Amino acid sequence: QQQVKQSPQSLIVQKGGIPIINCAYENTAFDYFPWYQQFPGKGPALLIAIRPDVSEKKEGRFTISFNKSAKQFSLHIMDSQPGDSATYFCAASRLNAGNMLTFGGGTRLMVKP
Amino acid sequence: DVKVTQSSRYLVKRTGEKVFLECVQDMDHENMFWYRQDPGLGLRLIYFSYDVKMKEKGDIPEGYSVSREKKERFSLILESASTNQTSMYLCASSFWTSGVGVHNEQFFGPGTRLTVL
Numbered sequence: 001q002q003q004v005k006q007s008p009q010s011l012i013v014q015k016g017g018i019p020i021i022n023c024a025y026e027n028t029a030f031d032y033f034p035w036y037q038q039f040p041g042k043g044p045a046l047l048i049a050i051r052p053d054v055s056e057k058k059e060g061r062f063t064i065s066f067n068k069s070a071k072q073f074s075l076h077i078m079d080s081q082p083g084d085s086a087t088y089f090c091a092a093s094r095l096n097a098g099n100m101l102t103f104g105g106g107t108r109l110m111v112k113p
Numbered sequence: 001d002v003k004v005t006q007s008s009r010y011l012v013k014r015t016g017e018k019v020f021l022e023c024v025q026d027m028d029h030e031n032m033f034w035y036r037q038d039p040g041l042g043l044r045l046i047y048f049s050y051d052v053k054m055k056e057k058g059d060i061p062e063g064y065s066v067s068r069e070k071k072e073r074f075s076l077i078l079e080s081a082s083t084n085q086t087s088m089y090l091c092a093s094s095f096w097t098s099g100v101g102v103h104n105e106q107f108f109g110p111g112t113r114l115t116v117l
């Protein structure tokens, strides 16, 4: 049973488009929601993260939107570039869980030139 | 520059073999993790360790064991490899969460793609 459900599994957009990746969670004890980005042949790396006390967080072209009541959060990539082509994972962590993360299934994004 | 290294990028083993995957981090992190990555399933936690000789089961520990004899090194052991353990294995490390509500970034190695024939 996946505690964090991610969609879509794959996504293709044109350069300049705004891909949106969605995640939903069940466990209301989760209190930290990071996104990791993985390029081919590399391990995932932290991209951006949000806490449930804010509804939105921006870092450069990357924005997380968070809806606590719906238990959903999403990643938006503004003005997407071919270099953003990667696999994106959402994740969630519980308070006092020893820094353990529960990951979503991943989204493979391709940004066409 | 932070670094997590894994002993092999690619490994091919036969069913029933004992397999060792090694991970080393140079960041003096307390926590170390082993995940497997499968398409559509994301990353699933196998085991993690928060200190030398300490280990905790993750979501899918069956068929695996781990060893942490030194702070910087965390080994994943497949006692008798099976074909359903063919996967990408990722090691990660992080600082121990020192305070309430504090979450520390996990740093990942490049992965080991294991094929069990």
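If you read the protein sequences in the order shown, they are chains A and B.
Note that this note's numbering numbers the first sequence so that position 28 is 28, with each residue one more than the last.
Note that this note's numbering numbers the second sequence so that position 96 is 96, with each residue one more than the last.
All C-beta atoms in this analysis are idealised placements derived from N, C-alpha and C, irrespective of residue type, glycine included.
As the structure is a prediction and not an experimental result, all values here were calculated from the model.
Counted within 10 angstroms of its Cβ, other Cβ atoms place residue i as buried (16 or more) or exposed
i                 : result
SER80 of chain B  : exposed
GLN81 of chain A  : exposed
ASP84 of chain A  : buried
ASN99 of chain A  : buried
GLY106 of chain A : buried
PRO39 of chain B  : exposed
TRP96 of chain B  : exposed
PHE30 of chain A  : buried
ARG14 of chain B  : exposed
ARG51 of chain A  : exposed
PHE20 of chain B  : exposed
LEU47 of chain A  : buried
LEU75 of chain A  : buried
VAL52 of chain B  : exposed
PHE39 of chain A  : exposed
ILE12 of chain A  : exposed
THR120 of chain B : Here chain B covers residues 1 to 117 and nothing more, so residue 120 of chain B does not appear.
PRO113 of chain A : exposed
Residues bridged to residue i [DSSP beta-bridge criterion]
i                : result
MET78 of chain A : Note: MET78 of chain A sits in no beta bridge, so no partner.
ALA92 of chain A : A:THR102
THR87 of chain A : A:GLN38, A:ARG108
ARG44 of chain B : B:ARG36
GLN25 of chain B : B:VAL4
TRP67 of chain B : With the sequence shown as reference, residue 67 of chain B is identified as Ser, and Trp is not the correct amino acid for it. Per DSSP, B:SER75.
VAL19 of chain B : B:LEU78
ASN31 of chain B : B:SER94
ASN22 of chain A : A:SER7, A:SER74
LEU46 of chain A : A:TYR36
Helix, strand or coil at residue i [DSSP, three-state]
i                 : result
THR63 of chain A  : strand
GLN6 of chain B   : strand
THR28 of chain A  : coil
THR97 of chain B  : coil
GLN85 of chain B  : helix
ARG14 of chain B  : coil
TYR50 of chain B  : coil
GLU56 of chain B  : strand
ILE14 of chain A  : First, the amino acid is wrong: residue 14 of chain A is Gln here, not Ile. If DSSP states are grouped into helix, strand and coil, GLN14 of chain A belongs with the strands.
LYS68 of chain A  : coil
LEU117 of chain B : coil
GLU56 of chain A  : strand
Rounded Cβ spacing between residue i and residue j (contact assumed at less than 8 Å)
i                : j                 : result
ILE92 of chain A : TYR25 of chain A  : It is worth fixing the name first, because residue 92 of chain A is Ala in this sequence and not Ile. So it is a contact: roughly 5 Å between Cβ atoms.
GLY16 of chain B : PHE103 of chain A : Not really, about 30 Å apart at Cβ, beyond 8 Å.
MET88 of chain B : GLN25 of chain B  : With a Cβ gap of about 18 Å, MET88 of chain B and GLN25 of chain B do not count as contacting.
_Tell me whether the segment 52-72 of chain B and the segment 20-34 of chain B touch, counting them as touching only if at least three CB pairs, one residue from each stretch, are closer than 8 Å._
Yes, they touch.
_Under 8 Å, with one C-beta from each stretch per pair, do the segment 57-64 of chain A and the segment 2-13 of chain B reach the 3-pair mark?_
The segment 57-64 of chain A, when compared against the segment 2-13 of chain B, does not touch it at the 8 Å Cβ threshold.
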